[in-house]
Structure formats: structure tokens, C-alpha cells
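**Student:** The following block contains the structure, expressed as C-alpha cells.
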Amino acid sequence: MGAVVNLDAFGWRRFVMTHDGGLRLHLQRVLRARRPVVFRALTEPQELTKWWGPDGFVITSVESDLRPGGGYRIAMQPPEGDLFYLVGEFLEVDPPARLSYTFRWEDPDPEDRETVVTLSLRDVGGTRAELAISQGDFATERRQALHEEGWTQSLNKLEELMSSAAPA
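Offset between the sequence shown (1-based) and the working numbering: plus 772.
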């Protein structure tokens, strides 16, 4: 286990540096939806386009072969800039509890490297699920911070989507 630094008064964001010096990102969010609903939002292309990506980004297409060994490709369009792609391979698909995949940019920045993302879901009371995200290892703290910002903005949109779909 590494050293944990709490970066948010609400306690849902943490960076972790592992003993081997690797930089990891850990995030948690409680969402107003059951695990199967959240899992679908995390995996179905039409659902991903509703919340994925930093603020202002548009997801123009999602290709996905949702099975261990299957691949995915997400086309992302920033507010100003050229279309770029996120690609990877699914390592673990265990609905509605766990999803793990590789994460790499098709044309990476020199500071980027392939990372592994693991999404875990657990029940929290009747109609809520806790989503825990782990990603790493990052090459630099700057790239780790960039991913933390992107995930945070994406999770804000996912949280809003789950809240609007939840029964009153």
C-alpha cells in the first residue's frame, strides 16, 4: 500500500504513490442508481456519449467489443481542437461489479503511457451504488493531474445523469 493524500474536503479524491514509486489515481463516488444501471452507463456506447470526457468535449463515436480481450475506441472532440482517440483492451468484464481495461491515447503525448483503469461497483443502501476508480501507473504527476481533472468532470456528469434518472 502507498501513501494516501486526501485532496478534497469531501474525501472522494485521492492520489496514491505506491512503494515502487508508481503514480496512481483513486476516485470514489456514490451514485443514485443501482449497480446494473451504473454498469450500463459505464459500458454501453450510447450511454458513454452522455457523460464521458471533460467539460465541453463531445464524444462523436464509441466502438466497443465488451469482453475480456475485446477492444474499444472512443472518438473525443475538444471544444477547440482536432478529434483524437482513446483506445484500449478490456481485461475484466464482470457485470455489474467490476470492469478493467487498458487506457492509451492513439497518438500519445511524450509524457503518456498506457495505464490500467479498474472500475468497481458496490451496493450502498437500497438504490445507490458506490463507484470506485483506480488508474495508473502514470509517468508524471502532470499527467496524473490531467486524468484526475478529466475523471472528476466526467463523474460530475455521470452523477447528474444518474440523479436525473433516479425515481423521486
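Glycine is no exception: its CB is placed at the ideal position from the N, C-alpha and C atoms.
Rounded to the nearest angstrom, what separates Met-773 and Glu-920 at their Cα positions?
**Tutor:** Only weak support exists for where Met-773 lies, its pLDDT of 38 falling under 50; the value from the coordinates is given anyway. For Met-773 and Glu-920, the distance between alpha carbons rounds to 20 angstroms.
**Student:** Could you compute how far the alpha carbon of Leu-797 sits from the alpha carbon of Ile-905?
**Tutor:** So the two alpha carbons sit approximately 8 angstroms from each other.
**Student:** Would you list the residues sitting across from Glu-864 in a DSSP beta bridge?
**Tutor:** Partner(s): Ser-872.
**Student:** Quickly, what does DSSP pair Leu-820 with across the bridge? List them, please.
**Tutor:** According to DSSP, which records beta bridges pairwise, Leu-820 is partnered with nothing at all.
**Student:** If the criterion is Cβ atoms closer than 8 angstroms, does the pair Gly-908 and Leu-795 meet it?
**Tutor:** Against a cut-off of 8 angstroms, the Cβ pair of Leu-795 and Gly-908 comes out as a contact.
**Student:** Beta-carbon separation of Phe-862 and Pro-840 under 8 angstroms?
**Tutor:** Yes, they are a contact pair.
**Student:** With a threshold of 8 angstroms, are at least 3 pairs of Cβ atoms found where one atom belongs to the region 910 to 928 and the other to the region 805 to 815?
**Tutor:** The region 910 to 928, when compared against the region 805 to 815, does not touch it at the 8 angstroms Cβ threshold.
**Student:** Reducing DSSP to helix, strand and coil, say where Phe-829 ends up.
**Tutor:** Correct three-state label for Phe-829: coil.
**Student:** Using 8 angstroms as the threshold, is the C-beta distance between Leu-814 and Met-934 below it?
**Tutor:** In this structure, Met-934 does not lie closer than 8 angstroms to Leu-814 by Cβ.
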